[in-house]
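Visitor: Numbering of the sequence shown is given in this note's numbering, commencing with residue 142 and proceeding in unit increments.
Backbone N, C-alpha and C fix where the C-beta goes; we use that ideal spot for every residue, glycine too.
Small disclaimer: the values here were computed from a predicted structure and weren't measured.
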Amino acid sequence: MKRDIPQLHAIRAFAMIGIFLHHLFQGIGPLRDAQAGTLIGEAFMDMALGVVVFNVMTSFLLAMPYMGDNPAPVPTMRAFVPRRLWRLCPQYYVAAVLVVLGNAVVYRVTDLGAWLPSFLSHIFFVDSLRPQSFMSNTAAYWWLALLMQFTLAWPLLLKMYRKYGGARLTIGVTLVVWPLTEALKIWGRAQPGGFGDTLAFLSTFNLPSRLPEFLIGMWMAELWKKNPDAPVPLDRNLAALIFGACGLSLVLAWLGVTRPWFANVAWTLALYVGVFALPATQALGRKAWVLWLSGASYAIYLLHQPVLSYLDAAFGALPPWWRFLVLGALGWAFSVKEAAFVDKASAWLVEKLPGKK
């Protein structure tokens, strides 16, 4: 069994770059508005789908020890959740504190009532449940809330996976969840500004609608354990699910139906499979800079959006495309530097805290 999978490092690096470019573009209002509906605008919008890749990879890697001929036993909540929190929280909490300090310096957000609610929503992983969280420079923190939901559900999901099998569970859940999510989206469009609209919006960022992505990652882990020399962790059933959804989205587009929400997810999964299978991806995943970016991606994800917002306050007078270039170069450099600090600071804190050895 191969211990390392270079393709994952390369794809994680690609996804992080895409998410960075998405937030860079979205944060420049005049540029975003001018390119709305264009090929350029749609491309930058779709780069946010890197989180689909993160979801699949998270469950893929988490599931690996629990698959194969000698799988680890299903963990208890008491054993599993604290262990996962030690992985998620140190860098996240350090980054959250830095954001509070940065907002105080740049935006003069010093009143307790102004910063404490958002800070607590970070600490308790509830950003994905608060519409206000998406109107801030930490909108990307919804993904941490989603990871917490997945963490809490993991032991139960693993039990169900073993009981029903990967194909049966994943296909069944997907055939229920994706249509229900689309029904919510239709309801939301019919009630702009109402409760249905809010519920439809938040559904995108919470586990029920995202569950198929995590289950697909688990299924891929099982397939990879069975045949680690295969070019891609895919069998006939999983291919039918992914590419069948892509085909359905094309049919709906031909019929003039509004693009369903699941179409973006399905095409991202298809791209993931295609890129994973490329020999060049495996070769790229062994390069030093890709391995570095793969390892640094979590901290960069936590910091890049606040950093871009601070730089925008300084360079907001530049013409849109110049602003894009300047913020892109400086934002990436500062995000990387700050991410390195967060990694070191969180590692130091973990060493000093009791109970984590």
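Rounded to the nearest angstrom, what separates Val-250 and Phe-260 at their Cα positions?
Guide: Distance between the alpha carbons of Val-250 and Phe-260 is about 12 Å.
Visitor: Compute the Euclidean distance between the alpha carbons of Phe-265 and Asn-378, then round it to the nearest angstrom.
Guide: Going by the C-alpha atoms only, they are around 38 Å apart.
Visitor: How do the stretch 186-206 and the stretch 355-371 stand: do at least 3 beta-carbon pairs fall below 8 Å, yes or no?
Guide: Taking 8 Å as the limit for Cβ pairs, the verdict is that the stretch 355-371 does touch the stretch 186-206.
Visitor: Closest to Ala-237 by C-alpha separation, out of Pro-495, Ala-437, Lys-493 and Ala-486, would be which residue?
Guide: Considering only alpha carbons, the answer is Ala-486.
Visitor: Measure the C-alpha to C-alpha separation of Val-267 and Phe-291 and round it to an integer number of angstroms.
Guide: Rounded to whole angstroms, Val-267 to Phe-291 spans 13 Å at the Cα level.
Visitor: Rounded to a whole number of angstroms, what is the C-alpha to C-alpha distance between Leu-149 and Leu-494?
Guide: For Leu-149 and Leu-494, the distance between alpha carbons rounds to 31 Å.
Visitor: Report buried or exposed for Gly-385, applying the criterion of at least 16 other Cβ atoms within 10 angstroms of its Cβ.
Guide: Under this definition Gly-385 is an exposed residue.
Visitor: With 16 other CB atoms within 10 Å as the buried threshold, where does Ala-454 fall?
Guide: Exposed, since its Cβ has fewer than 16 Cβ neighbours within 10 Å.
Visitor: Could you tell me the alpha carbon to alpha carbon distance between Lys-366 and Ile-441, rounded to whole angstroms?
Guide: Whole-angstrom Cα-Cα distance: 30 Å.
Visitor: Determine the DSSP secondary structure at Lys-143, reduced to helix, strand or coil.
Guide: Only weak support exists for where Lys-143 lies, its pLDDT of 47 falling under 50; the coordinates are left without a value.
Visitor: Exposed or buried, what is Met-276 when buried is set at 16 or more other beta-carbons lying within 10 Å of its beta-carbon?
Guide: Label assigned to Met-276: exposed.
Visitor: For the putative contact between Ile-158 and Arg-464, defined by C-beta atoms under 8 Å, what is the C-beta separation to the nearest angstrom?
Guide: In fact, because the Cβ distance is near 19 Å, the residues do not count as touching under 8 Å.
Visitor: Decide if the stretch 429-441 is in contact with the stretch 470-485; the criterion is three or more beta carbon pairs, one per stretch, under 8 Å apart.
Guide: Taking 8 Å as the limit for Cβ pairs, the verdict is that the stretch 470-485 does touch the stretch 429-441.
Visitor: Restricting to Cα atoms, I'd like to know which of Met-186, Pro-447, Tyr-207 and Ser-435 is closest to Tyr-302.
Guide: Closest by alpha carbon: Tyr-207.
Visitor: So, helix, strand or coil for Arg-271, using DSSP?
Guide: Looking at Arg-271 - three-state DSSP - the assignment turns out to be coil, as it is neither helix nor strand.
Visitor: Quick one: using the 10 Å Cβ neighbour count with 16 as the cut-off for buried, is Met-218 buried or exposed?
Guide: Exposed.
Visitor: Taking the alpha-carbon of Lys-478 as reference, which of His-445, Leu-253 and Pro-460 has the nearest alpha-carbon?
Guide: Of His-445, Leu-253 and Pro-460, the residue nearest in Cα terms is His-445.
Visitor: If you reduce the DSSP assignment to three classes, tell me which class Lys-367 lands in.
Guide: In this structure, Lys-367 counts as helix in the three-state DSSP scheme.
Visitor: Between which two residues does the alpha helix (DSSP H) holding Tyr-233 run?
Guide: That run of the alpha helix (DSSP H) goes 218-247.
Visitor: With distance defined between alpha-carbon atoms, name the residue in Thr-322, Ala-381, Pro-353 and Leu-325 nearest to Val-314.
Guide: Comparing Cα-Cα distances from Val-314 to each of Thr-322, Ala-381, Pro-353 and Leu-325, the minimum goes to Pro-353.
Visitor: Between which two residues does the alpha helix (DSSP H) harbouring Ile-383 extend?
Guide: Note, Ile-383: alpha helix (DSSP H), 377-395.
Visitor: Whether or not the stretch 224-238 and the stretch 423-431 are in contact is what I'm after, with contact meaning three or more pairs of Cβ atoms, one per stretch, closer than 8 Å; do they touch?
Guide: Result no; under three Cβ-Cβ pairs closer than 8 Å.
Visitor: Please classify Gly-472: is it buried, with 16 or more other beta-carbons within 10 angstroms of its beta-carbon, or exposed?
Guide: That one is buried.
Visitor: When the Cα of Ser-390 is compared with those of Ser-344, Arg-228, Arg-400 and Gln-167, which residue comes out closest?
Guide: Nearest of Ser-344, Arg-228, Arg-400 and Gln-167 to Ser-390, Cα basis: Arg-400.
Visitor: Just the C-alpha distance for Ser-269 and Thr-279, rounded to the nearest angstrom, thanks.
Guide: The straight-line gap from Cα to Cα measures roughly 11 Å.
Visitor: Can you find the residues in the same chain that come closer than 7 Å, C-beta to C-beta, to Phe-456, ignoring five residues on each side of it along the sequence?
Guide: Within the same chain, Phe-456 has close Cβ partners Arg-464, Val-467 and Leu-468.
Visitor: Lys-485 lies in the alpha helix (DSSP H); which residues open and close that run?
Guide: Counting along the chain, the alpha helix (DSSP H) containing Lys-485 begins and ends at 461-493.
Visitor: For Pro-447 and Val-240, which I take to be in contact (beta-carbon distance under 8 Å), what is that distance rounded to the nearest angstrom?
Guide: About 5 Å separates the two Cβ atoms, so the contact holds.
Visitor: Hey, could you find the ends of the alpha helix (DSSP H) Phe-417 is sitting in?
Guide: Per DSSP, Phe-417 belongs to the alpha helix (DSSP H) from 402-418.
Visitor: Please list the terminal residues of the continuous alpha helix (DSSP H) segment that includes Phe-195.
Guide: Start and end: 191-204.
Visitor: Let me know if Tyr-305 comes out buried or exposed under the rule of 16 or more other beta-carbons within 10 Å of its beta-carbon.
Guide: By the neighbour-count rule (16 or more Cβ atoms within 10 Å), Tyr-305 is not buried but exposed.
Visitor: Below 7 Å CB to CB, which residues in the same chain sit around Asp-210 once its five sequence neighbours on both sides are set aside?
Guide: Nothing listed; no residue qualifies.
Visitor: Do the stretch 334-343 and the stretch 405-418 meet, that is, are 3 or more Cβ pairs less than 8 Å apart?
Guide: These segments do not touch.
Visitor: When the distance is taken between beta carbons, is Leu-229 closer than 8 Å to Leu-287?
Guide: No, Cβ-Cβ distance for Leu-287 and Leu-229 is not below 8 Å.
Visitor: Please look up how many angstroms separate the CB atoms of Val-416 and Ile-152, rounded, as I've assumed it's under 8 Å.
Guide: Indeed, because the Cβ distance is near 6 Å, the residues count as touching under 8 Å.
Visitor: Can you give the Cα-Cα distance for Lys-143 and His-263, rounded to whole angstroms?
Guide: With a pLDDT of 47 at Lys-143, under the threshold of 50, the modelled position of this residue cannot be trusted, and the question is left open.
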